[in-house]
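Structure record follows, encoded as structure tokens.
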Amino acid sequence: MSSLENTRCDMVRRLFAAYIAQHPDLVDPLLTQDFTFSSPRDDHLDKKRYFEHCWPKEKAFRAIHIEHLVADGDDVIVGYRAEKMDGGSFRNVELIRFAGDRIAEVNVYFGRNV
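Quick note: the sequence shown uses our numbering, first residue 1427, plus one each step.
In structure tokens:
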């Protein structure tokens, strides 16, 4: 893996750590100005809507365990298991696309409850 790919994987780890710690202020500088977020429930949310819609006001997750993290050029694919505060858990996969040294796009593919 190249040093750029290692750096991008580290940024993805920081993204997930900030999400668990509820620190969107740490994530905003990691994103491009024209950042978009998509999932089966959200279609190309811009950065403002991403923070409004996808960052819970109250702690929703106990932990996120990264199970797979693979960099391929401008893309990082991450598979993880999320533990919710209510004791439930699920698995998702995300394709995170970079533009230079920032995250330009996140596409979430929902998994199943575990």
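Think of the CB as a built atom: it goes at the ideal place given N, C-alpha and C, for glycine as much as any other residue.
All of these numbers come straight from a predicted model, not from anything done at the bench.
- [ ] Figure out for me which residue from VAL1519, PRO1466, GLN1459 has the closest Cα to the Cα of GLY1505.
- [x] Working through the sequence shown from its first residue, we reach residue 1505 at position 79. Ranking VAL1519, PRO1466, GLN1459 by Cα distance to GLY1505 puts VAL1519 first.
- [ ] Could you tell me if TYR1535 is buried or exposed, where buried requires 16 or more neighbouring beta carbons within 10 angstroms of its beta carbon?
- [x] As a first step, residue 1535 must be located in the sequence shown, where it is residue number 109. Result: exposed.
Task: Presumed contact (8 Å Cβ cut-off) between PHE1442 and ALA1530, rounded CB distance - done: For the purposes of this step, residue 1442 is taken as residue 16 along the sequence shown, with counting starting at 1. For the purposes of this step, residue 1530 is taken as residue 104 along the sequence shown, with counting starting at 1. With a Cβ gap of about 17 Å, PHE1442 and ALA1530 do not count as contacting.
TODO: Check whether the Cβ of PRO1466 sits closer than 6 Å to any heavy atom of the ligand ZN, and report yes or no.
DONE: In terms of ligand content, the structure shown is empty, and the ligand ZN therefore cannot be addressed.
Open item on the list: I'd like to know if the segment 1494-1511 and the segment 1467-1476 are in contact, where contact means that at least 3 CB-CB pairs between them fall below 8 Å.
Closed with: no
Task: Residue nearest to VAL1540 in terms of C-alpha spacing, selected from GLY1526, HIS1491, ASP1501 - done: Walking along the sequence shown from the start, residue 1540 turns up at place 114. Ranking GLY1526, HIS1491, ASP1501 by Cα distance to VAL1540 puts HIS1491 first.
TODO: For ALA1497, count neighbouring C-beta atoms within 10 Å of its own C-beta (all shown protein chains included) and say buried if the count is 16 or more, exposed if not.
DONE: Translated into positions along the sequence shown, residue 1497 becomes position 71. Looking at its Cβ environment, which holds 16 or more other Cβ atoms inside 10 Å, ALA1497 is buried.
Task: Backbone CA spacing between SER1465 and ARG1538 [nearest angstrom] - done: Numbered from 1 along the sequence shown, position 39 holds the residue referred to as residue 1465. Numbered from 1 along the sequence shown, position 112 holds the residue referred to as residue 1538. Going by the C-alpha atoms only, they are around 14 Å apart.
Open item on the list: So if DSSP puts THR1462 in a beta bridge, which residue, or which two residues, is it bridged to?
Closed with: Taking the sequence shown and counting its residues from 1, one reaches residue 1462 at position 36. THR1462 is bridged to ASP1472, GLU1531.
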